[in-house]
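First residue of the sequence shown: 5, per our numbering; consecutive thereafter.
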Amino acid sequence: MKITPSNLVQVTLLCLVLFLNFSCNKDSDLLAEYVVNENPTSSEPNEVIIDLAKAEFITEEDQPVTFNLLNNSDSKRKGRRRYKSNTKPKIGDITIEKDSIAVYTPPNDYNGKDNIEITLEVTNEDETITEEVVTIDVTVEPVTDVVVDTIAVTPGEPVVIEPLKNDTFKEESEVIITEVSQPSNGTVVLNEDNTITYNPNTDIPEEETPVEETPVEETPEVETPEEDNFTYTTSVTNPDNTVSTETGNITVTVTPTDKNPTDPNAVNFSKYGAVGDGKKDDTKAIQAALDAEESLVADEGATFLISSKLDIDQKFEHTIDWNGATIITTAKLSPMIKVDKRSSNGGLTTMTNLNINGNGVAQRGIECNSIVNLSNFEVDSFLQSTTASPAGVYIHVYNDADCYGDWIFDNVNVSDVRGADNGVTTDSWGAANGYLIYWVQVPSSPTKLIVKNGEVHDCWGEDAQAIGTFSSGIDISFSNGSMEFTNMNLYDWERRCAKNFTGNTTWTNCTFTDPSPSNPNLSSKNKSGMVVFGMGSGAKGGDNTVFNNCNFVGKGYDGRVIGLQNDKVEFNNCTFSGGARLAFTMAIGDVTICNNVFESGSSIYDYNISASKYTGQVLIGTNNSGS
């Protein structure tokens, strides 16, 4: 990482904000040093200095450099020189700009040796003119392009993994996955299209002889998810026919299925007339079942067509196994399902194994206004038709007894949410969200949103984001309200990947990935940071935000991770790659940055800093690494 202290010294004097380098061990002293880059951009060339007596320089993979061809400060050569011509480098490209400034660009993803031959015209001391040929030796050092992948699966269900999707290879590079290692708890197959099929082992129960026992009510056993790991090797053939290889890691979280079967007393929706053929309107039948039964089950793989919203607002708790069914509509519903038991004091709603398909016409999928436990959901295909923001999962949290406790969204995946653009980003048109979360009131009892083991992607619109959290008019930063996002994979979005304007939030093992700038779904390209967190959109506070073991992957669109007007922020064991960079703006409180990796083109910087709200220390640990 480049040390550029001058800008930050100015910030320190103006705002009383200290950027300090320190060891993340509690017993270590603070050192008065800091690491910061102002507005770094990986695509811009770095300046290097060469000398004609020793014409050589070192750069990193995919990093252009600029240098003065005529620099002669340390040479014993006499006479005046001017640039005359050059030969094309063996591997990369060179352009000559004004004043004999050259820009060398290595090929995409190439590392190794190259050289440039420059011809200079020399006017000697006796005014004779000769030519001098200088060979510049170039060393292109490798950087890591592969990014750790974290995938969530259930036993016995194969999944196709696209490991290159979040890697930072250039699009033009012909990357091939050449081999994979075999994991311990499953098998993998390398496919021709550079995808990998992972098949977890199936739990096979042992056959036991029935024993007559007196029934005893037991608490269901909760199994801890198992982790499986394997590697993949990538290969890129360089212009000189050398081959560059890298090895990436894939971690698979195998979430055990509930060994307790569906409640044997569960009532099938068909009892109330639900057909599930995708043709007959099942709205009334499903609503009747929801109104009457606490425990319900659907036929496996059924498709329920609905024409109006389903309300889960009854005065009892629900347990529903949808059994892989799909709820689909042809109406502009907003939402398709609404859970709200605040008035009825109905308590927890538990649902599993459901696909909610908006069919490109519905505006919202499921709205949750009271505590839920949702698992194994696929929520997709929504389109904005009114000024209300479209969303796959829409959440409101209130200070209400039916909201207290842990809300769980486990493997609830959202995709294909599209806003209706009108060319204005400050209104509600185009504000598509995968998850749209509003904290409406500060809870007086512990209340936590737990979102884990899922993917959110393809959220398009001029103000779209994969996950948006808001707390307008309130501050939950150090309250009973909190959020945890774990093992989430967020990618393909338009304005932001995550907009976290709510305090008391922890992100763990999450991957945030830039879209490709050439993605045809980018209609407005009104980017506002890959991740933004702090006190925005009317929030009264956005403090106490932590990122642990997260990957921030830039792809040249907008890799900024922006903190604004917040305090008590931590980044621990995170990786910034592909030009992703950590930025602070407006106001800074206490920030701790420990044991992170900043790869080539990634860095820490500040802009538009003021002391309007916070003063504090930005503590950058000596155990961070980067180039």
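No residue lacks a Cβ here, since even glycine has one placed at the ideal position from N, Cα and C.
Rounded straight-line distance, which links the Cα of His461 to that of Thr154
Within the sequence shown, numbered from 1, the residue matching residue 154 stands at position 150. Within the sequence shown, numbered from 1, the residue matching residue 461 stands at position 457. Roughly 15 Å between the two C-alpha positions.
| field | Member of Phe602, Lys503, Tyr611 whose CA lies at the smallest distance from the CA of Thr626 | value | In the sequence shown, the residue the question calls residue 626 occupies position 622. Minimum Cα distance to Thr626 is reached at Phe602.
What are the boundary residues of the alpha helix (DSSP H) that Leu294 is part of? For the purposes of this step, residue 294 is identified with residue 290 of the sequence shown, where counting begins at 1. Where Leu294 is concerned, the enclosing alpha helix (DSSP H) stretches over 287 to 296.
Report task. Determine the burial state of Val157: buried for a count of at least 16 other Cβ atoms within 10 Å of its Cβ, exposed for fewer. Result -> By one-based count along the sequence shown, residue 157 stands at place 153. Buried.
Rank Asp303, Cys598, Val279, Glu574 by C-alpha distance to the C-alpha of Ile592 and give the top, closest one.
Position 588 of the sequence shown, counting from 1, holds the residue named residue 592. The shortest Cα separation from Ile592 among Asp303, Cys598, Val279, Glu574 belongs to Glu574.
Under 8 Å between the Cβ atoms of Val455 and Lys503?
-> Locating residue 455 in the sequence shown gives position 451, counting from the first residue. Locating residue 503 in the sequence shown gives position 499, counting from the first residue. Contact flag unset, no.
When burial is assigned at 16 or more other CB atoms within 10 Å of the CB, is Asp197 buried or exposed? Along the sequence shown, read from residue 1 onward, the residue named residue 197 stands at position 193. With fewer than 16 other Cβ atoms within 10 Å, it is exposed.
Using CA atoms only, rank isn't needed, just tell me which of Ile399, Asn363, Ala392, Gly362 is closest to Leu378. The sequence position of residue 378 within the sequence shown is 374, counting from 1. Leu378 has its Cα closest to that of Ile399, out of Ile399, Asn363, Ala392, Gly362.
Q | Residue environment, Asn357, which counts as buried when at least 16 other CB atoms sit within 10 Å | A | Here the question's residue 357 lines up with position 353 in the sequence shown. Under this definition Asn357 is a buried residue.
Practice item. Quick one: give me the first and last residue of the beta strand (DSSP E) that Lys88 is part of. Key: Taking the first residue of the sequence shown as 1, we reach residue 88 at position 84. Looking at the DSSP string, the run of the beta strand (DSSP E) that includes Lys88 is 84 to 90.
- prompt: What span of residues does the beta strand (DSSP E) with Cys372 cover, start to end?
  reply: Mapped onto the sequence shown, residue 372 falls at position 368. Where Cys372 is concerned, the enclosing beta strand (DSSP E) stretches over 368 to 372.
So, for Pro219: in the same chain, excluding its five sequence neighbours on each side, which residues have a beta-carbon less than 7 Å away from its beta-carbon? Locating residue 219 in the sequence shown gives position 215, where the first residue counts as 1. In this prediction, Pro219 has a pLDDT of 47, which is less than 50 and means its spatial position is unreliable; what the coordinates show is noted afterwards. Contacts found: none.
Practice item. Apply the 10 Å Cβ neighbour rule to Ala289 and answer buried if 16 or more other Cβ atoms are within range, or exposed otherwise. Key: Stepping through the sequence shown from its first residue, residue 289 is reached at position 285. The residue in question, Ala289, is buried, as its Cβ has 16 or more Cβ neighbours within 10 Å.
Rounded to whole angstroms, what is the Cα-Cα separation between Gly583 and Leu294? Taking the first residue of the sequence shown as 1, we reach residue 583 at position 579. Taking the first residue of the sequence shown as 1, we reach residue 294 at position 290. Using only the alpha carbons, I get a separation of about 50 Å.
Taking only the alpha-carbon atoms, compute the straight-line gap between Gly328 and Tyr402 and give it to the nearest angstrom.
Taking the first residue of the sequence shown as 1, we reach residue 328 at position 324. Taking the first residue of the sequence shown as 1, we reach residue 402 at position 398. Using only the alpha carbons, I get a separation of about 31 Å.
Report yes or no: do three or more beta-carbon pairs, one from the region 381 to 398 and one from the region 417 to 428, lie closer than 8 Å?
-> yes
Discussion item. Taking the beta strand (DSSP E) that Phe61 belongs to, which residues open and close that run?
Written reply: Translated into positions along the sequence shown, residue 61 becomes position 57. Where Phe61 is concerned, the enclosing beta strand (DSSP E) stretches over 60 to 64.
Checklist entry - So Asp149 packs on Phe173, CB below 8 Å; how close in whole Å? => result On the sequence shown, residue 149 is found 145 positions in, with the first residue counted as 1. On the sequence shown, residue 173 is found 169 positions in, with the first residue counted as 1. About 5 Å; that satisfies the 8 Å criterion.
- Contact set for Ser89: own chain, Cβ-Cβ below 6 Å, skip 5 residues either direction: Numbered from 1 along the sequence shown, position 85 holds the residue referred to as residue 89. Excluding sequence neighbours, Ser89 sits near Thr123.
Go through its chain and collect everything with a Cβ distance to Val550's Cβ below 6 Å, but skip five positions before and after it.
Counted from its first residue, the sequence shown places residue 550 at position 546. Thr510, Glu574, listed in sequence order.
Which residue's Cα is closest to the Cα of Glu60: Asn119, Val184, Glu304? The residue labelled residue 60 in the question sits at position 56 within the sequence shown. It is Asn119 whose Cα lies nearest to the Cα of Glu60.
Exercise for the section: Please check the pair Pro68 and Pro49, which I expect to be a contact at CB under 8 Å, by giving their CB distance rounded to whole angstroms. Expected result: On the sequence shown, position 64 is the one that residue 68 refers to. On the sequence shown, position 45 is the one that residue 49 refers to. Right, their Cβ atoms sit about 4 Å apart.
Who does Glu161 pair with in a DSSP beta bridge? As a working mapping, residue 161 is identified with position 157 in the sequence shown. Looking at the DSSP assignment, Glu161 forms no beta bridge with any residue, so it has no partner.
Would you call the CB atoms of Ile412 and Gly438 closer than 8 Å? If you number the sequence shown from 1, residue 412 lands on position 408. If you number the sequence shown from 1, residue 438 lands on position 434. Not a contact, by the Cβ cut-off of 8 Å.
- Mapping DSSP to helix, strand and coil, what is Val220? Numbered from its first residue, the sequence shown carries residue 220 at position 216. Low per-residue confidence applies at Val220: pLDDT is 48, beneath 50, and the placement is therefore not dependable, though the value from the model is reported in the following sentence. Three-state result, Val220: coil.
task: Within 10 angstroms of the Cβ of Leu623, are there 16 or more other Cβ atoms? Answer buried if so, exposed if not.
output: Residue 623 sits at position 619 when you count from the first residue of the sequence shown. Buried, by the Cβ-count rule.
- [ ] Buried or exposed for Gln186, please, with buried defined as at least 16 other CB atoms from any protein chain shown within 10 angstroms of its CB.
- [x] In the sequence shown, counting from the first residue as 1, residue 186 sits at position 182. Gln186 should be labelled exposed.
Counting along the chain, where does the beta strand (DSSP E) carrying Phe386 start and finish? Along the sequence shown, read from residue 1 onward, the residue named residue 386 stands at position 382. From DSSP, the beta strand (DSSP E) with Phe386 extends over 376 to 387.
Would you kindly work out how many angstroms separate the C-alpha atoms of Thr63 and Gln569, rounded to a whole number?
Looking up residue 63 in the sequence shown gives position 59. Looking up residue 569 in the sequence shown gives position 565. Distance between the alpha carbons of Thr63 and Gln569: 36 Å.
### Query
If you draw a straight line from the C-alpha of Ser541 to the C-alpha of Ser481, how long is it?
Along the sequence shown, one-based indexing puts residue 541 at 537. Along the sequence shown, one-based indexing puts residue 481 at 477. C-alpha separation (whole angstroms): 15 Å.
#### Entry: First and last residue of the uninterrupted beta strand (DSSP E) at Leu124
If you number the sequence shown from 1, residue 124 lands on position 120. That run of the beta strand (DSSP E) goes 116 to 127.
task = Since I believe Gly533 is in contact with Asp562 (beta carbons under 8 Å), could you give me their beta-carbon distance rounded to a whole number of angstroms?
result = The residue labelled residue 562 in the question sits at position 558 within the sequence shown. The residue labelled residue 533 in the question sits at position 529 within the sequence shown. 6 Å between Cβ atoms; contact.
Flag this pair as yes or no: are the beta carbons of Leu314 and Met340 separated by less than 8 Å?
Residue 314 sits at position 310 when you count from the first residue of the sequence shown. Residue 340 sits at position 336 when you count from the first residue of the sequence shown. Against a cut-off of 8 Å, the Cβ pair of Met340 and Leu314 comes out as a contact.
Excluding the 5 residues flanking Val193 on each side, which residues of the same chain have their C-beta closer than 6 Å to its C-beta?
Indexing the sequence shown from 1 puts residue 193 at position 189. Thr201, listed in sequence order.
Please give me, in chain order, every unbroken run of the alpha helix (DSSP H) with length at least 4 that falls completely inside the region 564 to 616. none
**Message:** If I measure Cβ to Cβ from Ser188 and keep anything under 8 Å in the same chain, skipping five residues before and after, which residues do I get?
**Reply:** Locating residue 188 in the sequence shown gives position 184, counting from the first residue. Taken in chain order, the residues that qualify are Asp232, Asn233.
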